[in-house]
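Going down the list, the protein sequences come from chains U and D. In terms of the numbering used here, the first sequence opens at residue 38 and continues consecutively. In terms of the numbering used here, the second sequence opens at residue 14 and continues consecutively. Structure record follows, encoded as structure tokens.
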Amino acid sequence: MKKEVIQILKRPFAQELIKHREGHDGKQLDYVAVQHYVDRLNEGFDHDWSFELTRREIIGDQILVEVKLTAAGLIKTGLGGTAITRGEDNKTVLSLADDIKMAEADALKRACRLMGIGGELYASEQDDGSGVISSPPPRVPTQHRAGPHSLPPSPLPPRERLTSAQLNGIKDRAKKQGLDPTGFRKQIKTTYGIELEYLNKKQASEVITGLDNNRPSNGNGSHHASAG
Amino acid sequence: MSSLTEMREGLHVSVSQIKCYLRCPRQYRFRYVLGAEPEFIPANLVLGSAVHEGLAAYYRSVMATGDSPEQDVCKAAFYGTLVGFRKNKLPIKDGEGIEAQGEALLKVFYETVYQDPPHVVGVEVPFTIELPDPTTGEILEEALVGALDLVVREEEKHVVGEHKTAAKKWSQDQIQHDIQLSAYKLVARKLGLGEVGLRLQVLTKTRKPKMIVEDMDRTDRDEREFLETVVGVLRAIDAQVFFPIRNGMCGGCSFQRRCSST
Numbered sequence: 038m039k040k041e042v043i044q045i046l047k048r049p050f051a052q053e054l055i056k057h058r059e060g061h062d063g064k065q066l067d068y069v070a071v072q073h074y075v076d077r078l079n080e081g082f083d084h085d086w087s088f089e090l091t092r093r094e095i096i097g098d099q100i101l102v103e104v105k106l107t108a109a110g111l112i113k114t115g116l117g118g119t120a121i122t123r124g125e126d127n128k129t130v131l132s133l134a135d136d137i138k139m140a141e142a143d144a145l146k147r148a149c150r151l152m153g154i155g156g157e158l159y160a161s162e163q164d165d166g167s168g169v170i171s172s173p174p175p176r177v178p179t180q181h182r183a184g185p186h187s188l189p190p191s192p193l194p195p196r197e198r199l200t201s202a203q204l205n206g207i208k209d210r211a212k213k214q215g216l217d218p219t220g221f222r223k224q225i226k227t228t229y230g231i232e233l234e235y236l237n238k239k240q241a242s243e244v245i246t247g248l249d250n251n252r253p254s255n256g257n258g259s260h261h262a263s264a265g
Numbered sequence: 014m015s016s017l018t019e020m021r022e023g024l025h026v027s028v029s030q031i032k033c034y035l036r037c038p039r040q041y042r043f044r045y046v047l048g049a050e051p052e053f054i055p056a057n058l059v060l061g062s063a064v065h066e067g068l069a070a071y072y073r074s075v076m077a078t079g080d081s082p083e084q085d086v087c088k089a090a091f092y093g094t095l096v097g098f099r100k101n102k103l104p105i106k107d108g109e110g111i112e113a114q115g116e117a118l119l120k121v122f123y124e125t126v127y128q129d130p131p132h133v134v135g136v137e138v139p140f141t142i143e144l145p146d147p148t149t150g151e152i153l154e155e156a157l158v159g160a161l162d163l164v165v166r167e168e169e170k171h172v173v174g175e176h177k178t179a180a181k182k183w184s185q186d187q188i189q190h191d192i193q194l195s196a197y198k199l200v201a202r203k204l205g206l207g208e209v210g211l212r213l214q215v216l217t218k219t220r221k222p223k224m225i226v227e228d229m230d231r232t233d234r235d236e237r238e239f240l241e242t243v244v245g246v247l248r249a250i251d252a253q254v255f256f257p258i259r260n261g262m263c264g265g266c267s268f269q270r271r272c273s274s275t
């Protein structure tokens with residue numbers, strides 16, 4: 038694999054893309070939406086990669102999925118899973134399709150990890166696979182093959198709205214620079230035509246950069262933040 | 014504990030916001046996304062808010078003393094809120110008679126509750142909780158922020174109360190599907206109140222006002238549907254889906270001129 042491709046794949050995900058959820062044991066797990074892994078594969082391999090679902094089955098209350106990721110002559114296998122979500126009666130399956138999507142996304146991410154993507158998210162994971170299904174796959178798997186570039190079914194696009202961290206970052210910077218909160222909000226509205234809380238991620242990054250560039254370094258800096 | 018104002022400083026969503034979007038996505042855009050100035054304050058909003066404050070004052074007093082205060086406590090809070098609205102530069106639309114209507118509602122409320130005050134443990138309890146996407150388990154960027162109108166202790170459990178003023182009695186469908194109560198069930202659990210009961214107290218603005226008290230519950234499915242609704246609305250907002258809904262409520266919308274000229 039070319040050095041520049043490795044660099045692209047191993048580039049850590051931007052902090053704003055990292056989300057958190059509670060794991061089985063109450064520990065907080067970091068993760069990134071599957072679409073960002075797909076974006077990284079596209080970037081690294083110029084869309085020339087394929088993804089194959091090699092196993093999908095239900096064992097007890099768990100869905101187990103295995104995928105094969107092929108790119109640049111390399112094949113990496115990922116095993117993922119999730120528990121089936123049931124209703125309050127503990128019987129009704131709420132949405133098996135959604136559960137399968139989650140398991141497939143998990144498997145693809147794990148294959149991506151072996152390609153070098155998102156390794157930083159797994160750095161603290163134990164070798165026993167805590168946080169993932171540890172049950173071994175059964176001997177007679179149900180095979181299902183998907184075509185090249187087959188992705189986990191309909192992953193939703195990433196959210197557009199600015200993140201909580203971005204909003205806090207903007208407010209903190211504006212406060213530290215002594216900007217009048219009302220005036221600052223007005224300036225955002227004038228520049229973007231919408232309220233601060235409804236900026237998208239890109240716009241929020243622009244505002245943060247504008248505020249950082251405007252930070253007084255020697256006491257002579259302007260206190261008028263550039264919002265755009 | 015942080016105040017509601019402080020909680021609203023972070024990226025958040027509220028049940029009111031969700032309900033606003035569900036009523037009319039375009040109104041949501043005017044109010045929240047564009048931050049447009051309303052053309053007026055609807056009388057319903059003024060009456061509802063002022064009565065709400067009257068009830069909160071009653072329950073705060075019960076929480077402090079264990080006994081019902083004089084009815085004047087409710088009236089003072091009601092008029093205090095009303096004065097605040099009247100001082101606002103925006104006009105109150107159809108605001109004649111708010112005082113009389115408010116007093117009538119408070120009287121009905123007081124007569125219903127004063128002889129047997131509840132064991133109040135919280136009034137206007139602010140909350141901010143994380144919301145998971147029910148499909149992916151992913152924690153949303155937006156926290157759910159709001160306040161529980163009332164928390165009372167009854168026998169072995171807590172009951173969360175919600176006050177409403179309404180033109181007429183709520184239908185069973187309304188009661189069954191109101192997302193606010195599903196949200197409160199979720200919130201109460203996260204606040205450590207356990208599996209709470211839910212109580213809706215509706216003061217009807219009918220010729221002869223009534224206070225209707227409905228106890229109800231919500232299931233896991235209701236909570237999941239609430240989360241699905243929140244995620245759906247937030248994604249629709251991301252995608253800038255802001256179509257208008259024109260119906261009998263347009264006359265009370267404080268963005269109607271702007272909407273008509275869009």
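Glycine included, each C-beta is placed from N, C-alpha and C at the ideal position.
Boundaries of the beta strand (DSSP E) harbouring residue 88(U): 86 to 96, taken from the DSSP string. Residue state for residue 250(U) is assigned as helix, using DSSP reduced to three classes. Closest in C-alpha terms to residue 220(D), from the list 105(D), 115(D), 32(D), 21(D), comes 115(D).
In the DSSP assignment, residue 106(D) forms a beta bridge with 55(D).
Under DSSP, the beta-bridge partners assigned to residue 159(D) are 140(D). Counting of Cβ neighbours within 10 angstroms places residue 227(U) among the exposed residues, the total staying below 16. Residue pairing for residue 229(D): DSSP places it in a beta bridge opposite 211(D). Taking 8 Å as the threshold, the shortest C-beta distance from residue 271(D) to chain U does not fall below it. Excluding residues up to 5 positions away in sequence, 99, 100, 101, 102, 140, 143, 169, 170 lie with their Cβ nearer than 7 Å to the Cβ of residue 118(U) in the same chain. DSSP, reduced to helix, strand and coil, places residue 67(U) within a strand of the structure shown. At least one beta carbon of chain U lies nearer than 8 Å to the beta carbon of residue 237(D).
Membership of residue 174(D) in the beta strand (DSSP E) is indicated by the continuous run 170 to 179. Within its own chain, the residues whose Cβ lies closer than 7 Å to the Cβ of residue 254(D), once the five positions on either side in sequence are excluded, are 38, listed in chain order. Per the C-alpha coordinates, the member of 131(D), 53(D), 68(D), 217(D) positioned closest to residue 184(D) is 217(D).
Looking at the DSSP output, residue 224(D) sits in a beta bridge with 216(D). Contact check for residue 87(U) against residue 107(U) passes: the beta carbons are separated by less than 8 Å.
A residue is called buried when at least 16 other Cβ atoms come within 10 angstroms of its Cβ; residue 256(D) does not meet this threshold and is exposed.
Below the 8 Å Cβ cutoff, chain D contributes 148, 149, 150 as neighbours of residue 139(U), in chain order. In this structure, residue 93(U) and residue 46(U) do not form a Cβ contact; the two beta carbons are roughly 26 Å apart against a cut-off of 8 Å.
With respect to the C-alpha of residue 186(D), the residue from 227(D), 48(D), 75(D) having the closest C-alpha is 227(D). When DSSP states are grouped into helix, strand and coil, residue 99(U) belongs to the strand group. Taking a beta-carbon distance threshold of 8 Å, residue 230(D) does not count as an interface residue toward chain U. For the pair residue 63(D) and residue 95(D), the CB atoms are nearer than the 8 Å cut-off. Burial state of residue 207(U) is buried, judged by a 10 Å Cβ sphere holding 16 or more other Cβ atoms.
With contacts defined by Cβ atoms closer than 8 Å, residue 195(D) and residue 248(D) do not form a contacting pair.
When the Cα atoms are used, residue 116(U) and residue 149(U) turn out to be separated by approximately 11 Å. For the stretch 39 to 51 of chain D, the set of residues with a beta-carbon nearer than 8 Å to any beta-carbon of chain U comprises 45, 46, 47, 48, in chain order.
For residue 89(D), the closest C-alpha among the options 154(D), 122(D), 152(D), 70(D) is that of 70(D).
Counting every other CB atom within 10 Å of its CB across the protein chains shown gives residue 112(U) a total below 16, marking it as exposed. For residue 112(U), there is no enclosing alpha helix (DSSP H); the enclosing beta strand (DSSP E) covers residues 111 to 120.
For the 8 Å CB-CB criterion, residue 138(D) and residue 160(D) form a contact. Taking residue 173(D) as reference, the option from 163(D), 181(D), 48(D), 180(D) with the minimal CA-CA separation is 163(D). Rounded to the nearest angstrom, the gap between the Cα atoms of residue 20(D) and residue 157(D) is 9 Å. In the DSSP annotation of this structure, the continuous segment of the alpha helix (DSSP H) that includes residue 228(U) starts and ends at 218 to 229. In this structure residue 214(D) is in contact with residue 176(D), their Cβ atoms being roughly 5 Å apart against a cut-off of 8 Å.
When Cβ-Cβ separations below 8 Å define contact, residue 154(D) makes contact with chain U.
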